[in-house]
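Inspection log for the structure reproduced underneath, given as structure tokens.
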Amino acid sequence: MTEDKNNKAEFFTPPNILKEKVGGGGISEDKIQKSQAFINNNQIDYEPYAREYLTNVQGALKLAEGARSEDSLADYMEEITSNIMQLKASGGMFGYQAISRVSDIVLNFIERADIINKDLYKIVQAHNICLDMVLVKKLKGSKNPEVDILINELHDAITRYQSKYKA
Amino acid sequence: MTYKLETVKILLVEDMEPMLILTRSILDIFGFKNILVAKSGEEAFKIYVKENPDLILTDWIMGPMGGMELIDKIRKDPKSPNPYVPIILMTGYTNRARVENARDEGITEFLAKPYTSKDLYNRIVQIIEKPRQFVKNKEFFGPDRRRRSDADYEGETKRGSDKK
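So the sequences go chain by chain: A and B. Counting with this note's numbering, you get residues 5 to 171 for the letters of the first sequence. Counting with this note's numbering, you get residues 482 to 645 for the letters of the second sequence.
Here it is in structure tokens:
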């Protein structure tokens with residue numbers, strides 16, 4: 005243990021119990037590939053979960069549009085953000101890489117946006133429409149021309165917003 | 482020779498059922514055989530106190546108690562059996578301010594979702610082979626947010642910007 009004389013920070017090195025238990029050698033490449041194949045090929049029905057997140061985004065969006073105070077607006081925006089984050093986090097784990105890609109773009113945009121207004125809401129709405137289409141058409145996989153078109157349109161909408169509001 | 486992961490008790494905390502199933506299966510394929518699961522921070526803390534796992538893998542946003550509150554309790558609650566336990570936080574957030582906030586709460590490693598099995602493997606290896614020191618001061622207790630290689634440094638400042 006050492007002590008920095010100025011800020012009184014104390015540093016500890018706890019015993020490495022994990023290392024003592026597992027030893028060395030890592031995990032075999034075979035197991036890593038097998039587990040990745042399990043992710044790629046899992047047949048879990050993800051659509052109901054995606055629908056629930058989308059419904060939550062849509063509900064919070066309506067509330068945000070009618071918010072009467074800055075505090076409640078902040079709460080609704082956090083609800084929108086966290087549900088879009090959940091879509092980004094989960095879509096790609098269940099074959100819907102398009103959901104993760106689209107949601108990641110909008111999540112990054114919202115988290116950097118200083119101005120909350122109807123133009124921002126339109127982008128969130130466009131996100132919802134994109135994802136609805138992805139789910140209806142079951143656009144799975146990492147490469148899909150239809151998804152690329154949707155993503156380009158989203159990028160264009162965000163660019164227009166950013167140039168309009170100098171974001 | 483490979484890691485003897487069957488000797489490790491791991492606690493997986495995830496409220497989304499499909500993600501829980503998926504992550505548990507991946508851990509099983511890796512070789513973990515003692516996998517405890519919880520669907521909220523509250524349930525996880527009860528299991529943690531009772532079972533004292535060697536490693537925790539937790540989601541961030543959960544109700545009623547989320548990952549950050551769980552981490553805070555693990556690091557600071559008097560009932561916590563091992564405040565030094567390594568914790569991997571899984572989340573879709575990658576915004577720098579949010580990640581830094583999570584580090585301030587005491588996470589050991591951060592795993593961005595969606596993740597690959599290699600991503601998860603790399604975090605586990607990092608924890609085993611390059612564990613973080615712990616730091617304690619008035620404002621913070623948890624893994625050092627920098628990977629220190631100079632633990633014995635006792636000088637006044639480390640950064641040029643610190644100089645007056």
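Idealized CB from N, CA, C, for every residue including glycine.
Could you tell me which chain B residues have their CB closer than 7 Å to the CB of residue i, listed as they occur along the chain?
| i | result |
| --- | --- |
| residue 115 (chain A) | 576 |
| residue 92 (chain A) | 573 |
| residue 86 (chain A) | 542 |
Along chain B, which residues have their Cβ under 8 Å away from the Cβ of residue i?
| i | result |
| --- | --- |
| residue 59 (chain A) | Result: empty, since nearest Cβ-Cβ is about 15 Å, beyond 8 Å. |
| residue 40 (chain A) | 597, 598, 599 |
| residue 89 (chain A) | 542, 572, 573, 574 |
Give the interface partners of residue i over in chain A, defined as CB-CB distance under 8 Å, in chain order.
| i | result |
| --- | --- |
| residue 529 (chain B) | Ordered by position in chain A, no residue passes the 8 Å Cβ test against residue 529 (chain B), which lies about 15 Å from the chain. |
| residue 482 (chain B) | 27, 28, 29 |
So residue i and residue j are supposed to be a Cβ contact under 8 Å. How far apart are they, rounded?
| i | j | result |
| --- | --- | --- |
| residue 493 (chain B) | residue 551 (chain B) | The pair is not a contact, with the Cβ atoms about 12 Å apart (cut-off 8 Å). |
| residue 504 (chain B) | residue 25 (chain A) | With a Cβ gap of about 21 Å, residue 504 (chain B) and residue 25 (chain A) do not count as contacting. |
| residue 46 (chain A) | residue 83 (chain A) | Not quite, the Cβ-Cβ distance comes to about 28 Å (not below 8 Å), so this is no contact. |
| residue 161 (chain A) | residue 127 (chain A) | 5 Å |
| residue 556 (chain B) | residue 564 (chain B) | 5 Å |
| residue 136 (chain A) | residue 58 (chain A) | 7 Å |
| residue 2 (chain A) | residue 154 (chain A) | This structure leaves residue 2 (chain A) out entirely; chain A is present only between 5 and 171. |
| residue 594 (chain B) | residue 572 (chain B) | 6 Å |
Between residue i and the rest of its own chain, which residues show a CB-CB distance below 7 Å, the 5 nearest in sequence each way excluded?
| i | result |
| --- | --- |
| residue 523 (chain B) | 545, 546 |
| residue 598 (chain B) | 507 |
| residue 591 (chain B) | 570, 580, 583 |
If you drop the 5 nearest sequence neighbours on each side, which residues of the same chain put their C-beta closer than 6 Å to that of residue i?
| i | result |
| --- | --- |
| residue 519 (chain B) | 494, 525, 528 |
| residue 7 (chain A) | Low per-residue confidence applies at residue 7 (chain A): pLDDT is 49, beneath 50, and the placement is therefore not dependable enough to give any value. |
| residue 21 (chain A) | none |
| residue 583 (chain B) | 570 |
Compare the C-beta of residue i against all C-beta atoms of chain C and say whether one is closer than 8 Å.
| i | result |
| --- | --- |
| residue 26 (chain A) | Going by chain labels, chain C is absent from the structure shown, which instead holds the protein chains A and B. |
Going by beta carbon distance, what residues of the same chain come within less than 8 Å of residue i, once the five residues before and after it are set aside?
| i | result |
| --- | --- |
| residue 491 (chain B) | 508, 513, 515, 516, 517, 534, 535, 536, 537, 538 |
| residue 43 (chain A) | 97 |
| residue 144 (chain A) | 99, 100, 101, 102 |
For a contact meaning CB atoms closer than 7 Å, what does residue i contact in chain A?
| i | result |
| --- | --- |
| residue 538 (chain B) | Result: empty, since nearest Cβ-Cβ is about 13 Å, beyond 7 Å. |
Cβ closer than 9 Å: which chain B residues qualify as neighbours of residue i?
| i | result |
| --- | --- |
| residue 95 (chain A) | 595 |
For a contact meaning CB atoms closer than 9 Å, what does residue i contact in chain A?
| i | result |
| --- | --- |
| residue 534 (chain B) | Within chain A, no residue comes near residue 534 (chain B); the closest Cβ sits about 11 Å away, beyond 9 Å. |
Exercise for the section: Scan the segment 491-516 of chain B for residues whose Cβ lies nearer than 7 Å to a Cβ of chain A and list them as they occur along the chain. Expected result: 497, 499, 500, 502, 503, 506, 507, 510, 511, 512
Handout entry: Positions along the segment 582-611 of chain B whose CB lies within less than 9 Å of some CB in chain A
Key = 593, 594, 595, 596, 597, 598, 599, 601, 602, 605, 606, 608, 609, 610
Practice task
Only counting runs of 4 or more residues, tell me where the alpha helix (DSSP H) segments fall wholly within the segment 537-581 of chain B, in order along the chain.
Solution key: 548-557
Problem - Residues in the segment 10-22 of chain A having any Cβ partner in chain B nearer than 9 Å - result: 10, 11, 12, 13, 14, 15, 16, 17, 18, 19, 20, 21, 22
Problem - Segments of 4+ residues assigned as alpha helix (DSSP H) that fall wholly inside the segment 509-538 of chain B - result: 522-532
Problem - chain B contacts from the segment 123-153 of chain A (Cβ-Cβ distance under 8 Å) - result: none
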